[in-house]
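Chemist: First the structure, which I've put down as structure tokens, then a few questions once you've had a look.
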Amino acid sequence: GAVVSQHPSWVICKSGTSVKIECRSLDFQATTMFWYRQFPKQSLMLMATSNEGSKATYEQGVEKDKFLINHASLTLSTLTVTSAHPEDSSFYICSATRVSQPQHFGDGTRLSIL
Amino acid sequence: GENVEQHPSTLSVQEGDSAVIKCTYSDSASNYFPWYKQELGKRPQLIIDIRSNVGEKKDQRIAVTLNKTAKHFSLHITETQPEDSAVYFCASGRSARQLTFGSGTQLTVLP
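Order-wise, the sequence lines are chains V and C.
So in our numbering the end of the first sequence lands on 171, straight run, no missing numbers.
So in our numbering the end of the second sequence lands on 137, straight run, no missing numbers.
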């Protein structure tokens, strides 16, 4: 149980385009989903916390207008990187949890902006 | 906010030996401490977690110990195998919804 699916797994796009990443909890209802960014050989940096039906809470230094998060249902959260630039290239990974349960991670999305 | 320090950053052990990774945290109110294993290019997977009402938890070859007074916790892997090679992250928080991750330890088990 506790399977989290993330799509796409890899995306390459041109500078200036927007990219949407989906995170789905397949076998449980996730009251909270998280979005992390991970640079090579570094730790997981929390970008934002998303509760179903409410606005996401962004960590300090994360631009909410650039990284749009929508958590429309208990099984789906999306992260849209708007007007992406090369410096946005990274590994983005989501996790999901419900009350009193651990965070379960998706497989991550490797984003490359040319 | 919470600050988590993890050591060592890299660790090499011979197959069959034990491996120990240590973490310290700063928030005395933290009471949930998970450990995740991440293989290259894959998702972090929860391998064990502990809450502050216990001092030690064991699951086969993996154990975690917690010292709340000193604010540190450790991961112990016994009888290491090559498939244990991965990056291990500790985390600390007041709940699973409020985690701060350590910087990671690259464990290499040499055959």
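Backbone N, C-alpha and C define an ideal beta-carbon position, used for all residues, glycine too.
(1) For residue 169 of chain V, I'd like the list of residues in its chain whose CB is within less than 6 Å of its CB, leaving aside the five on either flank, ordered along the chain.
(2) Which residues in the same chain as residue 9 of chain C place their Cβ atom closer than 6 Å to its Cβ, once the five residues preceding and following it in sequence are excluded?
(3) Within 10 angstroms of the Cβ of residue 153 of chain V, are there 16 or more other Cβ atoms? Answer buried if so, exposed if not.
(4) Is there a Cβ from chain V that is less than 7 Å from the Cβ of residue 72 of chain C?
(5) Does the beta-carbon distance from residue 138 of chain C to residue 121 of chain C come in below 7 Å?
(6) Can you name the start and end residues of the beta strand (DSSP E) that residue 37 of chain C belongs to?
(7) From the DSSP output, which residues share a beta bridge with residue 60 of chain C?
(8) Quick check on residue 85 of chain C: does DSSP put it in helix, strand or coil?
(9) 7 Å is my cut-off, CB to CB: does residue 27 of chain C come that close to chain V?
(10) For residue 79 of chain V, which beta-bridge partners are listed by DSSP?
(11) Buried or exposed for residue 126 of chain C, please, with buried defined as at least 16 other CB atoms from any protein chain shown within 10 angstroms of its CB.
(12) Quick check: the Cα distance between residue 83 of chain C and residue 40 of chain C, rounded to an integer number of angstroms?
(13) List the whole-angstrom C-beta distance separating residue 128 of chain V from residue 116 of chain V, where the pair is believed to meet the contact cut-off of C-beta under 8 Å.
(14) Going by other Cβ atoms of all chains shown within 10 Å of its Cβ, with 16 needed for buried, is residue 160 of chain V buried or exposed?
(15) Residue 103 of chain C: which of C:58, C:55, C:74, C:28 sits nearest, CA to CA?
(16) Can you have a look at residue 60 of chain C and say buried or exposed, based on whether 16 or more other CB atoms are within 10 angstroms of its CB?
(17) According to DSSP, what are the bridge partners of residue 102 of chain V?
(18) Output needed in chain order: residues of the stretch 54 to 69 of chain C with a Cβ under 7 Å from some Cβ in chain V.
(19) By the criterion of Cβ-Cβ separation under 7 Å, what are the contact partners of residue 100 of chain V in chain C?
(20) Does any C-beta atom of chain C lie closer than 7 Å to the C-beta of residue 162 of chain V?
(21) Output yes if chain V places a C-beta closer than 7 Å to the C-beta of residue 120 of chain C; else output no.
Modeler: Quick answer:
(1) Locating residue 169 of chain V in the first sequence gives position 112, counting from the first residue. Cβ within range, chain order: 69, 146.
(2) This structure leaves residue 9 of chain C out entirely; chain C is present only between 27 and 137.
(3) Within the first sequence, the letter at position 96 stands for residue 153 of chain V. Of the other Cβ atoms in all chains shown, 16 or more fall within 10 Å of the Cβ of residue 153 of chain V; this residue is therefore buried.
(4) Within the second sequence, residue 72 of chain C is the residue found at index 46, counting from 1. So, interface residue.
(5) Outside the modelled stretch of chain C, which goes from 27 to 137, sits residue 138 of chain C, for which no answer is possible.
(6) The residue given as residue 37 of chain C occupies position 11 in the second sequence. Counting along the chain, the beta strand (DSSP E) containing residue 37 of chain C begins and ends at 36 to 40.
(7) Looking up residue 60 of chain C in the second sequence gives position 34. In DSSP, residue 60 of chain C forms a bridge with C:75.
(8) Against the second sequence, residue 85 of chain C aligns to sequence position 59. In the structure shown, residue 85 of chain C adopts extended strand secondary structure according to DSSP, grouped into three states.
(9) Here the question's residue 27 of chain C lines up with position 1 in the second sequence. Output row for residue 27 of chain C: interface = no.
(10) As a working note, residue 79 of chain V is residue 22 in the first sequence. Answer is V:64, V:135, bridged to residue 79 of chain V.
(11) For this step, residue 126 of chain C is matched to residue 100 along the second sequence. Counting Cβ neighbours within 10 Å, residue 126 of chain C comes out buried, since at least 16 surround it.
(12) What you label residue 83 of chain C is simply residue 57 of the second sequence in a count that begins at 1. What you label residue 40 of chain C is simply residue 14 of the second sequence in a count that begins at 1. So the alpha carbons of these two residues sit roughly 24 Å apart.
(13) Here residue 128 of chain V corresponds to residue number 71 of the first sequence, with the count starting at 1. Here residue 116 of chain V corresponds to residue number 59 of the first sequence, with the count starting at 1. About 16 Å; that fails the 8 Å criterion.
(14) Locating residue 160 of chain V in the first sequence gives position 103, where the first residue counts as 1. Looking at its Cβ environment, which holds 16 or more other Cβ atoms inside 10 Å, residue 160 of chain V is buried.
(15) Residue 103 of chain C sits at position 77 when you count from the first residue of the second sequence. For the residues C:58, C:55, C:74, C:28, the minimum Cα distance to residue 103 of chain C belongs to C:74.
(16) Residue numbering aside, residue 60 of chain C sits at position 34 when the second sequence is read from its first letter. By the neighbour-count rule (16 or more Cβ atoms within 10 Å), residue 60 of chain C is buried.
(17) Working through the first sequence from its first residue, we reach residue 102 of chain V at position 45. DSSP output for residue 102 of chain V lists V:94 as bridge partner(s).
(18) 60, 68, 69
(19) Reading the first sequence from its first residue, position 43 is the one you call residue 100 of chain V. By Cβ distance, chain C contributes 115, 127, 128, 129, 130.
(20) Along the first sequence, one-based indexing puts residue 162 of chain V at 105. At a cut-off of 7 Å between beta-carbon atoms, residue 162 of chain V makes contact with chain C.
(21) As a working note, residue 120 of chain C is residue 94 in the second sequence. Answer no: the Cβ-Cβ gap between residue 120 of chain C and chain V never drops below 7 Å.
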